[in-house]
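Enquirer: Residue numbers (UniProt numbering), protein chains in the order written: chain U, 1 to 160; chain Z, 1 to 160.
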DNA sequence: TCCGAAATTGGTATGATCTGCCAAAATCAG
DNA sequence: CTGATTTTGGCAGATCATACCAATTTCGGA
């Protein structure tokens with residue numbers, strides 16, 4: 001999956017589609033100063049090369065009663081590769097884990113878990129996280145409020 | 001902005017659009033067992049009531065050279081409301097801050113900052129974060145790898 | 001149980017949009 | 001300057017979104 005260099009127009013397209021993934025190609029082409037045909041071709045190329053991973057709808061967590069975010073620091077017993085892979089394989093199977101990062105420092109992993117309430121989080125700990133072999137320590141921090149949640153990568157600063 | 005109750009079909013629509021925000025309404029209607037007309041009407045209603053916040057394209061961070069995620073724990077001097085508001089107002093103006101949460105426990109805020117490299121993160125600290133009045137302490141943790149990044153809220157478990 | 005109002009659904013016609021092609025223009029190397 | 005490659009713009013056919021209307025279903029009150 002080669003990722004060729006992106007010129008000014010490509011980055012402009014990405015910036016706009018990051019804000020509105022359903023923007024009509026006719027609108028998009030106007031904003032980037034192209035006619036619809038080459039604009040659509042660039043978008044398709046960005047999709048096929050994997051620069052654009054996918055398009056999604058963002059849902060209000062409160063509207064579906066999923067407004068509790070928990071950040072979980074997980075330390076494994078020993079950082080042998082096998083253990084890491086097993087943990088990561090488990091993580092991707094749990095839909096409650098929206099994000100997971102392998103971290104520097106003392107904690108090995110940082111997870112963001114989304115649940116409807118604390119009871120559901122307890123169930124997640126008991127039924128899933130603590131059952132993975134090799135988990136040495138778990139530290140939970142709760143988010144009181146989502147001040148900002150943005151999916152758009154900051155492309156502005158590298159505008160030619 | 002009232003958020004009326006969502007039935008099985010609505011949640012099904014949300015689950016599908018969270019996976020593919022550009023799915024054609026004709027496809028969507030088939031999958032949820034409806035004809036195109038009422039299906040589109042439901043989608044529009046979900047948009048207008050704010051259940052669907054927006055549609056976005058997700059971009060591969062590596063393809064645009066933004067593969068460094070830094071988690072920043074920020075403590076303010078005193079948690080007076082005025083200070084919190086000022087900090088939050090600053091945060092939403094910085095495009096590098098993709099996420100920001102008000103946390104329980106010792107640290108007041110947890111931020112996820114996305115930058116191209118460590119030098120850019122240094123600049124972010126020096127030029128922006130440390131200049132906000134009231135910031136008492138800053139602790140940075142670096143992500144070595146993004147194991148999982150999902151934007152779809154887990155709706156499966158509440159399927160009727 | 002029955003009735004009637006309200007909400008939801010399915011179908012259709014219209015307009016907009018996407019898509020694949022071809023020629024023209026621009027870009028680049030030699 | 002020339003020729004090849006890449007990118008662009010416009011056009012035609014197909015697909016899709018949208019706005020209506022009639023038919024069906026749902027639900028509360030009698």
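Don't be surprised by glycine CBs; every beta carbon is placed ideally from N, CA and C.
Just so you know, these numbers come straight off a predicted model, no measurement behind them.
1. DSSP on residue 216 of chain U, reduced to helix/strand/coil?
2. Alpha carbons only, please: which of Z:114, Z:116, Z:102 and Z:27 is nearest the one belonging to residue 143 of chain U?
3. Is it buried or exposed, residue 26 of chain U, if we count other Cβ atoms within 10 angstroms and call 16 or more buried?
4. Report all residues from its chain with a CB closer than 6 Å to the CB of residue 75 of chain U; omit the five preceding and five following residues, and keep chain order.
5. What in chain Z is Cβ-close to residue 132 of chain U, meaning under 8 Å?
6. Could you tell me the alpha carbon to alpha carbon distance between residue 5 of chain Z and residue 63 of chain U, rounded to whole angstroms?
7. How would you call residue 133 of chain Z, buried or exposed, if buried means at least 16 neighbouring beta carbons within 10 angstroms?
8. Please state the DSSP three-state secondary structure of residue 151 of chain Z.
9. Can you tell which of U:20, U:82, U:29 and U:7 has its C-alpha closest to the C-alpha of residue 54 of chain U?
10. Taking only beta-carbon atoms, is residue 198 of chain U less than 8 Å away from chain Z?
11. Apart from the five residues just before and just after residue 13 of chain Z, which ones in its own chain have a Cβ nearer than 8 Å to its Cβ?
12. Determine the chain U residues that contact residue 145 of chain Z at a beta-carbon separation under 8 Å, and present them in chain order.
13. When burial is assigned at 16 or more other CB atoms within 10 Å of the CB, is residue 30 of chain Z buried or exposed?
14. For a test of the three-state rule: what should DSSP assign to residue 77 of chain U, helix, strand or coil?
15. I need the straight-line Cα distance from residue 58 of chain Z to residue 16 of chain U, nearest angstrom please.
16. What are the boundary residues of the alpha helix (DSSP H) that includes residue 119 of chain Z?
17. At the 8 Å Cβ level, is residue 53 of chain Z part of the contact set with chain U, yes or no?
18. Which ranges does the beta strand (DSSP E) cover as unbroken runs of at least 3 residues, wholly within the segment 46-78 of chain Z, from first to last along the chain?
19. Pop quiz: residue 96 of chain U and residue 68 of chain U are said to be a contact at Cβ under 8 Å. What is the actual Cβ separation, rounded to whole angstroms?
20. Within its chain, find whatever has a CB closer than 6 Å to the CB of residue 7 of chain U; leave out the 5 residues flanking it on each side and keep chain order.
Expert: The short version:
1. Chain U is shown only over 1 to 160; residue 216 of chain U falls outside these bounds and no answer can be derived.
2. Start at 1 with the first residue of the first chain, and residue 143 of chain U comes out as number 143. Out of Z:114, Z:116, Z:102 and Z:27, Z:102 has the C-alpha closest to the C-alpha of residue 143 of chain U.
3. Residue numbering aside, residue 26 of chain U sits at position 26 when the first chain is read from its first letter. Exposed.
4. For the purposes of this step, residue 75 of chain U is taken as residue 75 along the first chain, with counting starting at 1. Taken in chain order, the residues that qualify are 107, 108, 136 and 137.
5. To locate residue 132 of chain U, count along the first chain from 1; it is residue 132. Chain Z residues near residue 132 of chain U: none, gap ~13 Å exceeds 8 Å.
6. As a working note, residue 5 of chain Z is residue 5 in the second chain. As a working note, residue 63 of chain U is residue 63 in the first chain. Going from the Cα of residue 5 of chain Z to the Cα of residue 63 of chain U covers about 9 Å.
7. On the second chain, residue 133 of chain Z is found 133 positions in, with the first residue counted as 1. Residue 133 of chain Z comes out exposed.
8. Stepping through the second chain from its first residue, residue 151 of chain Z is reached at position 151. Coil.
9. As a position in the first chain, residue 54 of chain U is number 54, starting the count at 1. Nearest option by C-alpha distance: U:20.
10. Examination of residue 198 of chain U is not possible in this model, given that chain U is present from 1 through 160 alone.
11. One-based indexing of the second chain puts residue 13 of chain Z at position 13. Cβ neighbours of residue 13 of chain Z beyond the five flanking positions: 28, 32, 39, 42, 43 and 46.
12. Along the second chain, read from residue 1 onward, the residue named residue 145 of chain Z stands at position 145. Within chain U, the residues near residue 145 of chain Z are 101 and 102.
13. Here residue 30 of chain Z refers to the residue found at position 30 when the second chain is read from its first residue. That one is exposed.
14. Position 77 of the first chain, counting from 1, holds the residue named residue 77 of chain U. In the structure shown, residue 77 of chain U sits in coil (DSSP, three-state: anything other than H, G, I, E or B).
15. Residue mapping note: residue 58 of chain Z aligns to position 58 of the second chain, counting from 1. Residue mapping note: residue 16 of chain U aligns to position 16 of the first chain, counting from 1. Rounded to the nearest angstrom, the two C-alpha atoms are 11 Å apart.
16. Position 119 of the second chain, counted from the first residue, corresponds to residue 119 of chain Z. Segment 118-127, the alpha helix (DSSP H) holding residue 119 of chain Z.
17. The sequence position of residue 53 of chain Z within the second chain is 53, counting from 1. It does; some Cβ of chain U falls within 8 Å.
18. 52-59 and 68-76
19. Position 96 of the first chain, counting from 1, holds the residue named residue 96 of chain U. Position 68 of the first chain, counting from 1, holds the residue named residue 68 of chain U. About 10 Å separates the two Cβ atoms, so there is no contact after all.
20. Working through the first chain from its first residue, we reach residue 7 of chain U at position 7. The answer is none, since no qualifying residue turns up.
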